[in-house]
Structure formats: C-alpha cells, structure tokens
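S.K.: Structure incoming, see below.
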Amino acid sequence: MSVADGTVIGGFTDHHVHLQLVDPAHLSSGLLGRVLDLGSAPTVVAALAADPPGGVAISFAGAFLTPVGGYPSDRPWAPEGSFREIADADAAEAVVAEMKAAGASVIKVASNSTAGPVFGDDLLQAIVRIADRHGLPVVAHAEGPGEAQRMPRLGVRALAHTPFTERLSDAEVSAQAGRIAWISTLAIHEDEARAIAVDNLRRFHAHGGTVRYGTDLGNGDQPVGLNPAEIEALREAGVRGAALIRALVPVAATAERRFLLPARDADPFDLEPVVPVR
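Each step along the sequence shown adds one to the number in the working numbering, with nothing skipped, and position 44 is 126.
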C-alpha cells in the first residue's frame, strides 16, 4: 500500500472473529471494514454476510472441521452447527463441499491435542487437498506440543493463533516464516502463554513472516471493533508502523465506510471518518 498525503480506506481487517459469540451490530460503529469468521454455524454466518452491519464485509469459514470427539465439540461455548466431526476423507469431501456451497472463503481445521484427538497427517493432508480443489485455503487452530510445527508441512496456509503452547526454535520459526501466515491473537493470553506467543511472533516477524491482525473476538471480554490491547501486543512483538498497518490489511473504501489513513505508518486509531460531499 502506498500512502503519500493519506489515502481513503474502508477500515481494517480482523482475521479471526466468532460472530455468533458477540453482537455483530456493534461492528458498524468501529474502524473495521472486514472480518473473517473462523468458526460459526454456516447458515447463521452466511445470513450475516448477506446483510452485514454497517457495510462491514464478512468472510467466513463456516464450521470447524475436527476429528470425532475433537475440539471444540465438547465446549459449551460452541454454538449448535459450528463444528463438523470428520472421520475420514469421504466425510471431509462432503463437509468442504457444504462449506463452499454456503459461501465459505476458507476452511477452518481444529488441531488441539490438549483438548482431544487431532487429525493424523494423512487425513489432514487429504482435507487440505480437498479444500484446494474447491479453491479454499486451510486455516488451523494448532495447539499442543508440535502441532504448530507440523501445519506448514501438511499444506495449511495460516495459523489461527500465534503459537503459544511452546517456544518454537529459531529454525522452526524461520521455516514457518517462508511458508505460512500467522494470525496474531496475542491479547487473549495471560502470563506464560502470552510471553511465549509474543516471543514467537517477534522472531517470526523478524524473519519476514506474514503477520495478520486477529483477535479471536468472542473469546473473553473484548471490544467489538479494533482492539487496543491487540495493537499494543503487536507493537510489543515488534510489529509497528507500516508493518502494523500491513498486518491490519486495509480494505477498499465503500459508500458506507470511508476513513482517511493519514500515512502508511500512522497509528491505526488515527483514522478519520470521511464525510461524503452531497
């Protein structure tokens, strides 16, 4: 993005939200122009995307794909219809086709070994291949020892969370930086998990990895909009100035959402509403 004396944008992107767990109407009053829902009932989120609040563009994965008995199938917060349990490649084929038909732009896979079974390499690779045939990149919730490390090898395109289970080695971070994007979600953590995530992201960014701003909106008490705590955590991890604006992925201005971004390295909270001339 090139900014000289400022440019008009439609707001920023949150790459990890769960709209069934918040009141999406509040999006209309914030600085976001697009959100990516990474786990909701496909019929519910597709209806929201068809009539978005305040003109905020909504992209979505639809339901989590998880092994039988896998995360988040036993979580009380998981709404009805927000996950599909996958036993084999045939089931994966049917579910990926279902998500595509609902309007999904990505597929979300759960790989959380701390909360239940995870897909073996063969089935996860099969899911990636099936999704690829449908033109859908795979985003993974990778949690537990070794889970983040195996995702790039299996063809996953993005991690839904900066790795927070364990400190990745410099070699592992370097390998990740060339192959997969990380969605930040730093501010949802506390104490050791937060320190691990910030350290991992700092080194990933230093190696040139693709960082995307995301909050896991719906997880805990967060503002429905641009999150100051996530912005500060990204800065703590070294993602500042123009790099921070790139991570926020400004979206094109629309008739409903027009803001002036004063410079390519501006504080994202310095966006100024642009009032159309009538």
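Glycine included, every Cβ here is placed at the ideal spot set by N, Cα and C.
If you check the beta carbons only, do R157 and V333 fall under 8 Å apart?
M.R.: Residue numbering aside, residue 157 sits at position 75 when the sequence shown is read from its first letter. Residue numbering aside, residue 333 sits at position 251 when the sequence shown is read from its first letter. Contact: no.
S.K.: Less than 8 Å between the beta carbons of D119 and F94, yes or no?
M.R.: The residue you call residue 119 lines up with position 37 of the sequence shown. The residue you call residue 94 lines up with position 12 of the sequence shown. No, the Cβ-Cβ distance between D119 and F94 is not below 8 Å.
S.K.: Skipping 5 residues on each side, what residues in its chain have a beta carbon closer than 7 Å to that of A160?
M.R.: The sequence position of residue 160 within the sequence shown is 78, counting from 1. Answer for A160: P154, listed in chain order.
S.K.: Excluding the 5 residues flanking R340 on each side, which residues of the same chain have their C-beta closer than 6 Å to its C-beta?
M.R.: Here the question's residue 340 lines up with position 258 in the sequence shown. Excluding sequence neighbours, R340 sits near V90 and V356.
S.K.: With DSSP run on the structure shown, which of helix, strand or coil describes S266?
M.R.: Along the sequence shown, one-based indexing puts residue 266 at 184. Correct three-state label for S266: coil.
S.K.: Helix, strand or coil, according to DSSP, for A86 in the structure here?
M.R.: Here residue 86 refers to the residue found at position 4 when the sequence shown is read from its first residue. Legend: pLDDT at A86 = 48, less than 50; position of this residue unreliable, value from coordinates given subsequently. Coil, per DSSP.
S.K.: Which one of I278, H108 and G92 has the shortest CA to CA distance from P305?
M.R.: Numbered from its first residue, the sequence shown carries residue 305 at position 223. For the residues I278, H108 and G92, the minimum Cα distance to P305 belongs to H108.
S.K.: In or out: P310 buried (at least 16 other Cβ within 10 Å) or exposed?
M.R.: Within the sequence shown, the letter at position 228 stands for residue 310. Exposed is the call here.
S.K.: Taking 8 Å as the cut-off, does the region 237 to 246 touch the region 256 to 264 (at least 3 CB pairs, one atom from each stretch)?
M.R.: With a cut-off of 8 Å, the region 237 to 246 and the region 256 to 264 count as touching, because enough Cβ pairs lie within range.
S.K.: Have a look at A174, S187, H223 and H243 and flag the residue whose alpha-carbon is nearest the alpha-carbon of A197.
M.R.: Locating residue 197 in the sequence shown gives position 115, counting from the first residue. Minimum Cα distance to A197 is reached at H223.
S.K.: Who are the near neighbours of G185 in its chain, counting only those whose CB is closer than 6 Å to its CB and skipping five residues on each side?
M.R.: Here the question's residue 185 lines up with position 103 in the sequence shown. Same-chain partners within the cutoff: A128.
S.K.: Hey, out of T267, V293, D347 and D281, whose CA is closest to H100's CA?
M.R.: Start at 1 with the first residue of the sequence shown, and residue 100 comes out as number 18. Considering only alpha carbons, the answer is T267.
S.K.: Quick one, which of D204, D203, R211 and G217 has its alpha-carbon nearest A363's?
M.R.: Residue 363 lies beyond the range of the chain shown here (83 to 360); nothing can be said about it.
S.K.: Do you know how far the Cα of V321 is from the Cα of R284?
M.R.: Translated into the one-based positions of the sequence shown, residue 284 becomes position 202. Translated into the one-based positions of the sequence shown, residue 321 becomes position 239. Each residue's Cα considered, the two are about 8 Å apart.
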